[in-house]
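These notes concern the structure reproduced below.
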Amino acid sequence: MATVQCAAGSGDAQAIGFGLPLPRGFLADSSRLRLETPEGREVAADVVELARWRHFSDAAIDGKSIRAVLIAFTHDCARAATAQYVVRWGQVRTLGAGTGITPANVAERTWGPQAEPSPLEHPQTDNYAIDTTAAPLREPRAWVGLPAAWLMQSNLRGPVAPIRAGIGRDWQIGFMRTYVNDVAADVTRFETGENGQGLIHWGNEFEGWLYDRPSVLWNAYVQTGDAKWLRHAHRATQFYASHIALEGRRGSFAKRPGDAKYAHAGGLFMAYLLTGDARLIERIRAVADLVATVPTRLPPFEKTTGLWTERHMSVAIGGALTAWEATGDAVHRTRVQRIVEGMRADVSQPPPGYPGAAEMAGVLLHRPEVHEEGSFPDVVMSPWMAALMTEALWRYHLHSDDRRALQLLGDYAQFVAERAIEQEGVDWSPRYLSGLKGNYEGAEAEHAFNVLGLLARGRWARQRLGQPTGEIDTQIARLRVTADANFSRWVRPSAGVPRYRLSPTRKAGWWYGTTYDLAWFGYD
Numbered sequence: 000m001a002t003v004q005c006a007a008g009s010g011d012a013q014a015i016g017f018g019l020p021l022p023r024g025f026l027a028d029s030s031r032l033r034l035e036t037p038e039g040r041e042v043a044a045d046v047v048e049l050a051r052w053r054h055f056s057d058a059a060i061d062g063k064s065i066r067a068v069l070i071a072f073t074h075d076c077a078r079a080a081t082a083q084y085v086v087r088w089g090q091v092r093t094l095g096a097g098t099g100i101t102p103a104n105v106a107e108r109t110w111g112p113q114a115e116p117s118p119l120e121h122p123q124t125d126n127y128a129i130d131t132t133a134a135p136l137r138e139p140r141a142w143v144g145l146p147a148a149w150l151m152q153s154n155l156r157g158p159v160a161p162i163r164a165g166i167g168r169d170w171q172i173g174f175m176r177t178y179v180n181d182v183a184a185d186v187t188r189f190e191t192g193e194n195g196q197g198l199i200h201w202g203n204e205f206e207g208w209l210y211d212r213p214s215v216l217w218n219a220y221v222q223t224g225d226a227k228w229l230r231h232a233h234r235a236t237q238f239y240a241s242h243i244a245l246e247g248r249r250g251s252f253a254k255r256p257g258d259a260k261y262a263h264a265g266g267l268f269m270a271y272l273l274t275g276d277a278r279l280i281e282r283i284r285a286v287a288d289l290v291a292t293v294p295t296r297l298p299p300f301e302k303t304t305g306l307w308t309e310r311h312m313s314v315a316i317g318g319a320l321t322a323w324e325a326t327g328d329a330v331h332r333t334r335v336q337r338i339v340e341g342m343r344a345d346v347s348q349p350p351p352g353y354p355g356a357a358e359m360a361g362v363l364l365h366r367p368e369v370h371e372e373g374s375f376p377d378v379v380m381s382p383w384m385a386a387l388m389t390e391a392l393w394r395y396h397l398h399s400d401d402r403r404a405l406q407l408l409g410d411y412a413q414f415v416a417e418r419a420i421e422q423e424g425v426d427w428s429p430r431y432l433s434g435l436k437g438n439y440e441g442a443e444a445e446h447a448f449n450v451l452g453l454l455a456r457g458r459w460a461r462q463r464l465g466q467p468t469g470e471i472d473t474q475i476a477r478l479r480v481t482a483d484a485n486f487s488r489w490v491r492p493s494a495g496v497p498r499y500r501l502s503p504t505r506k507a508g509w510w511y512g513t514t515y516d517l518a519w520f521g522y523d
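According to numbering that gives the first Met the number 0, the sequence shown is numbered sequentially starting from 0.
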């Protein structure tokens, strides 16, 4: 069931275009998809294929089914400001709408200026117009929402399950509302110094776009099916996309030009699948071009300058993988495969100067100097940055069934469980940096939740490989307690400030950007 919600003042007959994602193997021929009224009467509609489900190694399913389509039709908003339509498959579509709407023009033909916040939202919700350098945002004149059950089944980013009602869901929705400035009406001042005690100023805030902010908001829509998150995600995507350079420093986020860790394509691709806006494809390619310059092999051991971190590995894998998902281009496919091949090579036969393979334990340990963490006689890894990297590696596995990816996922989880979680007071928290000789820069309760995601994926991988998970199980239970306590600490009901504090704003990205599948793993 698709639900149309006309924007205020949208007029009479409106041309509508929306993206419909489909599960793998569900539909091979777009002519066998039709739009109907709830009573079963066919509605004239045009359907255009957006993407195919691809696979790295299995020719039997590579490109054989449709991943998403753009559906265009006309709805009379004057007669019904809200309405439901049914999408059916199996029967040949017999009524075309002749809208002329395509992925290339859906934004031009069906979108209008950004609407004002609803009376139930804070006036500064989605306040991107405060950035005077940004182009005015445009959005559908009529939104089409899809049920959460269907969105989750469609695996837009990976497998998802609903978060059970309760405090965990309240925390997620609460912090997400702060993330879009939908806070209490008595919050009127902008925050200073990332203290989380005011509204977010999107003209000045740039670190809040780390960890793929559009994707975080799309995940909220997928897990709730609530059209408000569809609107928030769309607006964030359009703002972010408008700041991705297509010339000069191609693929860079304009607020941090040349910094690859701000270059994300996952949210852009989710937006393409759900809106059909083909302009996003060129930006996905641009991001892939930028992150293709990120070094992914371990640097020579004597090298003490430059950057090599798991966070950079995450954007390198994710950017190439998403571009391949969106386009099928061989260059992106090859890039992802070579990154994974290089990772396995560097842990199984480490470069000269590094510890041997047994000590590396399947983990890309590296010098602290290339992690920008000073100089000391050890090799290190970052559990929280590894959580970002292994989420990208997990998505690669979903499209490849590559056993090497499973091994890396399992080895990282085992290393973190054995060496990178320690007790501080009553809490068990992941170390900020962990090496073979010790812990550096203390432990971080703030990263318990995203490292929980690393452990959950690694546990799943080790089970598939027939390997034990006892230590991982113990640490998952500990981090779950720590994560809950940490969330609770940031809920502070004081007048004039957000109840759900984000200090800094970007923490919503590391909390929820790579943990969308925790409920699917059984750890919500």
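Glycine residues also receive a C-beta, built at the ideal position from the N, C-alpha and C atoms.
Straight-line CA distance for residue i to residue j?
{"i": "Ala244", "j": "Arg282", "result": "8 Å"}
{"i": "Glu138", "j": "Ser487", "result": "35 Å"}
{"i": "Ala494", "j": "Phe189", "result": "14 Å"}
{"i": "Ala27", "j": "Thr333", "result": "26 Å"}
{"i": "Met312", "j": "Arg40", "result": "51 Å"}
{"i": "Gly352", "j": "Thr308", "result": "18 Å"}
{"i": "Ala277", "j": "Thr109", "result": "14 Å"}
{"i": "Ala106", "j": "Glu470", "result": "51 Å"}
{"i": "Val91", "j": "Arg31", "result": "4 Å"}
{"i": "Tyr210", "j": "Gly317", "result": "11 Å"}
{"i": "Glu340", "j": "His396", "result": "13 Å"}
{"i": "Ala325", "j": "Tyr499", "result": "35 Å"}
{"i": "Arg479", "j": "Trp323", "result": "34 Å"}
{"i": "Ala184", "j": "His121", "result": "6 Å"}
{"i": "Trp149", "j": "Val86", "result": "11 Å"}
{"i": "Gln152", "j": "Gln222", "result": "10 Å"}
{"i": "Asp400", "j": "Trp52", "result": "14 Å"}
{"i": "Ala530", "j": "Ile166", "result": "Because the chain is modelled from 0 through 523, residue 530 falls outside the range shown and cannot be assessed."}
{"i": "Arg66", "j": "Phe268", "result": "12 Å"}
{"i": "Gln413", "j": "Glu115", "result": "49 Å"}
{"i": "Cys76", "j": "Gln83", "result": "12 Å"}
Thinking C-beta only, is residue j closer than 7 Å to residue i?
{"i": "Thr124", "j": "Asn180", "result": "yes"}
{"i": "Met384", "j": "Arg310", "result": "yes"}
{"i": "Leu229", "j": "Tyr220", "result": "yes"}
{"i": "Asn449", "j": "Ala386", "result": "yes"}
{"i": "Gly434", "j": "Val369", "result": "no"}
{"i": "Asp130", "j": "Trp208", "result": "no"}
{"i": "Gly508", "j": "Val290", "result": "no"}
{"i": "Pro382", "j": "Val415", "result": "yes"}
{"i": "Leu405", "j": "Leu392", "result": "no"}
{"i": "Trp217", "j": "Gly266", "result": "yes"}
{"i": "Gly409", "j": "Arg477", "result": "no"}
Within 10 angstroms of the Cβ of residue i, are there 16 or more other Cβ atoms? Answer buried if so, exposed if not.
{"i": "Gly512", "result": "buried"}
{"i": "Lys436", "result": "exposed"}
{"i": "Thr98", "result": "buried"}
{"i": "Thr132", "result": "exposed"}
{"i": "Met0", "result": "exposed"}
{"i": "Gly521", "result": "exposed"}
{"i": "Glu390", "result": "buried"}
{"i": "Ala12", "result": "exposed"}
{"i": "Pro213", "result": "buried"}
{"i": "Thr481", "result": "buried"}
{"i": "Pro367", "result": "buried"}
{"i": "Gly349", "result": "It should be noted that the sequence gives Pro, not Gly, for residue 349. Pro349 should be labelled buried."}
{"i": "Arg163", "result": "exposed"}
{"i": "Ile60", "result": "exposed"}
{"i": "Gly95", "result": "exposed"}
{"i": "Pro102", "result": "buried"}
{"i": "Asn203", "result": "exposed"}
Since I believe residue j is in contact with residue i (beta carbons under 8 Å), could you give me their beta-carbon distance rounded to a whole number of angstroms?
{"i": "Ala50", "j": "Leu320", "result": "The Cβ separation is near 14 Å, so there is no contact."}
{"i": "Leu364", "j": "Met342", "result": "With a Cβ gap of about 12 Å, Leu364 and Met342 do not count as contacting."}
{"i": "Glu443", "j": "Tyr431", "result": "5 Å"}
{"i": "His263", "j": "Val330", "result": "Not a contact, Cβ separation roughly 19 Å."}
{"i": "Thr524", "j": "Pro497", "result": "Lying before the first or after the last residue shown, residue 524 is absent from the chain, which here runs from 0 to 523."}
Could you tell me whether any non-hydrogen atom of the ligand ADP is closer than 6 Å to the CB of residue i?
{"i": "Glu193", "result": "Of the ligands one can find in the structure shown there are none, so the ligand ADP has no counterpart to examine."}
Can a CB atom of chain E be found closer than 7 Å to the CB of residue i?
{"i": "Glu440", "result": "Checking the listed chains, one finds no chain E in this structure; it contains a single protein chain."}
Could you tell me whether the region 16-23 touches the region 64-71, where touching means 3 or more Cβ pairs closer than 8 Å?
yes
Count the CB pairs spanning the region 248-259 and the region 145-153 that are closer than 8 Å, and state whether there are at least three.
no
Tell me, please, whether the region 152-163 touches the region 498-517 by the rule of three or more beta-carbon pairs shorter than 8 Å.
yes
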